[in-house]
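Using the working numbering, the first residue of the sequence shown is number 303, and each one after it goes up by one.
Cβ coordinates follow ideal geometry from the N, Cα and C atoms, glycine included.
Model, not experiment: these values are computed from the prediction.
A short write-up of the structure that comes next.
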Amino acid sequence: MNYQVPRGTQDILPGEVEKWQMLEDQIRQFCHVYDYDEIRTPIFEHTNVFKRGNDASDMVNKEMYTFQLENSSTSLTLRPEMTAGVVRSFVEHKLFGEPDLPAKLYYVGPMCRHERPQKGRQRIFHQFGVEVIGVKNPLLDVECIALGWSFINSLGLKDLKVLINTLGDDESRNAYRAALKEHFKGAIDTMCSDCKRRYEQNPLRILDCKVDKDAAVMKTVPKMKDYLNEESKTYFDQVLKGLDALGIPYEIDDTLVRGLDYYTHTVFEVVSENKEMGAQSTVFAGGRYDGLVEYFGGPEMSGIGWAMGIERLIIACEAEGILLGEKAELDAYVISLSPEVALHALSVTTTLRANGYRCECDYQNRSLKAQYRTVDRKKAKAVIIICEDEVAQGSVTIKRIADKLQKTVALDDMVATMDQFFEAENEHECNCEPGNCTCTHHHE
Ligand code: ATP
Ligand code: MG
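Pasting the structure below:
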C-alpha cells in the first residue's frame with residue numbers, strides 16, 4: 303500500500319500556497335468594491351441539484367462523483383460547479399424576496415469532476431465565480447464580465463481575449479435547435495455516440511464536440527445569429543455597447559455555445575492565447591441563465607454568472623512571467639544563548655507577535671551558529687538576542703540584519719525599538735494632501 307494523493311488531485315504546500323492567498327486576497331478586494339458578497343454552500347448536494355432533467359452536458363453525464371451511503375436512499379454528488387448550489391441556496395433562503403435585487407454573490411472553492419487529468423485539468427480544482435440573480439438587464443451582463451476582466455487585468459495578464467456570443471431567448475433558441483436537427487439529420491448516424499445523445503437532448507451541444515469537429519457536416523452548420531428574433535438581437539447589442547463603453551475588447555464568436563442547457567442570451571469565454579495553456583486555454587467562462595430559479599421552486603427570475611479556474615489562472619500568470627505571492631520573510635528571530643533562557647525567549651516572541659511582528663524562536667536548544675543559519679534561511683530582518691545576564695537586568699539586544707545596527711534596550715522598550723528600526727516599512731498615516739505627500743517617510 304502506498305499513500306499518495308488520488309490521481310488528478312494535488313497538495314498545495316507552503317511556497318505554493320502563497321500564490322493562492324495572494325489571488326484570494328485580490329479576489330475579495332475586487333468583489334468588495336463591486337458590492338458582491340461571498341456565499342459558501344456545501345461541498346456536496348443532492349444529486350438532483352446538478353442533474354436536472356435532460357441536461358446533455360458532459361459534466362453532468364460523465365464527470366460527476368455521485369455516491370450513496372449504505373442503508374441510505376439519498377444520492378449525493380460532490381459539487382462539479384457552483385451555479386446550481388448557489389441558486390438552490392438563493393431559493394431555499396428566499397433571497398428572491400430581498401428588497402435590493404439583484405443578489406450579487408461570489409464564491410471561491412474546490413470543485414470535483416471525474417475527468418482525464420492533464421495540465422490545467424484536474425479532478426479537484428478551484429473556482430472563483432460570481433452569480434448575479436434576480437434582475438435581467440444587459441448592463442448586469444456587462445458589469446459581471448467587467449469584474450472578471452478587470453481582475454485578470456489587475457494581475458497584469460495580457461494574452462487574453464473575450465469571446466462572446468448570444469444564444470437568444472427561448473423562441474430564438476428553439477428555432478435554432480430545429481434548424482440544427484434538420485441539418486444533422488442525415489449525418490447523425492455517422493457521428494459519435496455522445497453526439498447521438500446530444501442530438502436527442504440538446505443539439506446545440508453537438509457544436510462543442512471534440513470528436514466530430516472536423517466532419518464535413520460541421521463546416522456548413524447554420525449560424526445562431528440567423529435565428530435570433532428582434533428582442534434577442536437588441537439585448538445582445540446592448541451588451542456589446544456596454545462592453546465598448548467600458549473599454550473591454552471582445553470578439554464575437556458565433557460558434558460559441560457553452561455547455562449548460564440553461565443558458566440564454568449572453569455566453570462568453572475569456573481565453574488565453576499563450577501557448578503554455580495548451581488545449582486548456584479558457585480561464586473563465588459563463589453566461590446568462592433562465593429557468594434555474596424556477597427549477598428550485600422560486601419565482602421566474604434570471605441570473606448571470608461565470609466561473610474562473612484558479613489553477614488555470616496561475617498557469618496563465620506563470621506563462622506570462624507574472625510573480626504571484628511568495629513565502630513571507632520573518633520580521634524577527636529570537637535567539638536563545640542558553641537553554642535556561644528558552645522560556646524567556648518564548649515570552650519575548652509572544653510579545654512581539656502580539657504587536658504584529660512575524661517571529662520565531664528556537665525550540666531545540668541549538669547552537670548560536672545553527673540559530674543564525676535559520677535566521678538566514680528565513681530571511682529574518684532582525685534578531686533579538688536573549689542571554690542570561692540581560693534577562694537578569696531586564697534588557698534585551700536587538701540587531702537589524704540589513705546594516706547590523708544593534709541596540710540593547712529595556713524589555714519594555716523592545717517593541718518601540720522594533721517599531722523605530724522598521725518604521726519606514728510600517729504603514730504610516732500623515733496629514734499631507736493625497737497625492738502630494740511631503741513627509742520623508744515613504745508610503746508602501
Ligand atoms: P472545458 O471546456 O475546459 O472542460 P468547462 O466548460 O467544462 O471547460 P466550466 O464548467 O465553464 O468549464 O468551468 C469554468 C472554468 O473552470 C473553466 O473555464 C476552467 O478555467 C475551469 N475548469 C473547468 N474544469 C476544470 C478542471 N477539470 N480542472 C481545472 N480547471 C477547470
Ligand atoms: Mg469540462
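Judged by DSSP secondary structure, PHE586 falls within the beta strand (DSSP E) whose first and last residues are 584-592. PHE346 and LEU378 have their C-alpha atoms spaced approximately 6 Å apart. The ligand ATP approaches ALA587 closely enough that one of its heavy atoms is under 6 Å from the residue's Cβ. At least one heavy atom of the ligand ATP is found less than 6 Å from the C-beta of GLY611. With a cut-off of 6 Å, the C-beta of ARG675 is classified as distant from the ligand ATP, since no heavy atom of the ligand falls inside that distance. For LEU380, the uninterrupted beta strand (DSSP E) segment begins and ends at 377-380. The DSSP-derived three-state label of THR349 is helix.
Collapsing the DSSP output to three states places SER374 in coil. If you look at VAL335, you'll find it in the alpha helix (DSSP H) that goes 319-335.
The continuous alpha helix (DSSP H) containing ARG499 extends over residues 495-503.
Take the alpha-carbon of ARG679 and the one of PHE724: they are about 20 Å apart. Residue range 644-656 is occupied by the alpha helix (DSSP H) that includes THR652. Sequence-distant partners of GLY589 (beyond 5 residues in either direction) whose C-beta falls short of 6 Å from its own C-beta, in its chain, are ARG560, TYR565, THR568 and VAL569. Rounded to whole angstroms, the Cβ separation of TYR635 and VAL573 is 46 Å, and the two are not in contact under 8 Å.
Closer than 6 Å to some heavy atom of the ligand ATP: that describes the Cβ of ARG614. Partner residues in the beta bridge of LEU407, as assigned by DSSP, are ASP339 and GLU433.
Checking the 6 Å criterion, the Cβ of GLN424 is within range of a heavy atom belonging to the ligand ATP.
Residue pairing by DSSP puts ILE466 in a beta bridge opposite ILE554 and PHE570.
Judged by beta-carbon spacing, VAL444 lies within the 7 Å limit of LEU545, meaning their Cβ atoms are closer than that value. In the structure shown, LYS525 falls within a coil segment according to DSSP collapsed to helix, strand and coil. Segment contact: the segment 592-607 against the segment 428-445, three or more CB-CB distances shorter than 8 Å; contact assigned.
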